[in-house]
Each structure stands twice: as structure tokens, then as C-alpha cells.
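Student: Have a look at this one.
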């Protein structure tokens, strides 16, 4: 039953992005973070022990596509083009991974788009006077957003691969499994 609930959540929550760009993006990210915890706690159901991980990247790309649709409407040309490039880069990495099953491709195509999306929608919501007018400012923003994400992708998809979730679960969310 938990697997059905997770699938429904992962399918429906991204629609909130179209209504509430920032809140919907945060909710989709939280749904992505919570899915494995829910199924580990209440059972994997249709996905067996580890089959869900094959669907997880699809669901991630699914909700990122909703963010992509919102980003296409941004009036700031530099922000809009940056969002398009970052989404396309991640989508290309996802596609190549699906074809080759080589996990380090996610390290080479990190999901900087999501962080940029959340940054820009936050600026639009809370600091509408903020302007992204030059590539120097964009470079600094992408550096601040990108370096931690690249490090995370390295740890998750290149260095430790299958051990990452176990480490996070055992050291940060242990209280859920007591």
C-alpha cells in the first residue's frame, strides 16, 4: 500500500508547481526525499526490495519538467535561458544514464537546475527588485548553487553509489526506524 501512496504523491504533487511555483517546487523536492523513507518504514510493496530506485529518477525528471515549464515563462532572459540549459543538461544526463546505466553520468550532468529554479523563484517571490543582468553575477550564483550539488552528485552517483542512502538513513534518520 505504501508504494501506491508514494506513486500517487510523486505523480500529483508536481502539479502544484504550476499553481505555486516556489511552494510546489519545495513540495516536489520533499516528496522526492520522503519516498524511500516511507517505503522503508511501511514496506516496498510492488517495488520489492530495491526496484523503486529505477523509477525514482523518472519521477525526479517528471517533476523537474513541471519546473521547466514554469521557467520557460520567466521574463528575465538570462534566467530563462540558464534554466533551459541547466534542465536540458540534466535531462541529457538522465537519458544517457537510462541508455547506458552508467551512474557517474549524473555526476557529469548534475541537477543544478533544481537549485537554480528554487533560487530564482525565491528571488521572484521575495525580492522582485533583484535583477540578473550580467553573466558575472550569473557565474557567481551558479558557483554558489552548483559546487555543493556537484559534490553531492559525486558522493551519491560516483564515489559511494548504493551506500549513500544507507549512511544518511543510519546517521540522520535513524529515529524513524526505531
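In our numbering, the protein residues as written are 122 to 299. No residue lacks a Cβ here, since even glycine has one placed at the ideal position from N, Cα and C.
1. What are the start and end residues of the alpha helix (DSSP H) that includes residue 230?
2. Taking the alpha helix (DSSP H) that residue 276 belongs to, which residues open and close that run?
3. Hey, how far is the Cα of residue 154 from the Cα of residue 204?
4. Using 10 angstroms around the beta-carbon of residue 232, count the other beta-carbons present and answer buried if the total reaches 16, otherwise exposed.
5. Could you name the residues of the same chain whose beta carbon sits closer than 7 Å to that of residue 148, not counting the 5 residues immediately before and after it, in chain order?
6. Report yes if the CB atom of residue 218 is closer than 9 Å to the CB atom of residue 208, and no otherwise.
7. Assign residue 130 to one of two classes, buried (16 or more other C-beta atoms within 10 Å of its C-beta) or exposed (fewer than that).
8. Please go through the same chain and pick out, in chain order, the residues whose beta-carbon is closer than 7 Å to the beta-carbon of residue 270, but skip the five residues on each side of it.
Tutor: Short version:
1. What you label residue 230 is simply residue 109 of the chain shown in a count that begins at 1. No alpha helix (DSSP H) contains residue 230, which DSSP labels as neither H nor E.
2. On the chain shown, position 155 is the one that residue 276 refers to. Note, residue 276: premise wrong, no alpha helix (DSSP H); not H, not E.
3. On the chain shown, residue 154 is found 33 positions in, with the first residue counted as 1. On the chain shown, residue 204 is found 83 positions in, with the first residue counted as 1. Computed Cα separation, rounded: 22 Å.
4. The sequence position of residue 232 within the chain shown is 111, counting from 1. The residue is buried, with at least 16 neighbouring Cβ atoms inside 10 Å.
5. The residue given as residue 148 occupies position 27 in the chain shown. Cβ neighbours of residue 148 beyond the five flanking positions: 134 and 137.
6. Position 97 of the chain shown, counting from 1, holds the residue named residue 218. Position 87 of the chain shown, counting from 1, holds the residue named residue 208. Not in contact: residue 218 and residue 208 (Cβ atoms no closer than 9 Å).
7. As a position in the chain shown, residue 130 is number 9, starting the count at 1. So residue 130 ends up on the buried side.
8. Working through the chain shown from its first residue, we reach residue 270 at position 149. Closer than 7 Å at Cβ, skipping near neighbours: 231, 232, 233 and 236.
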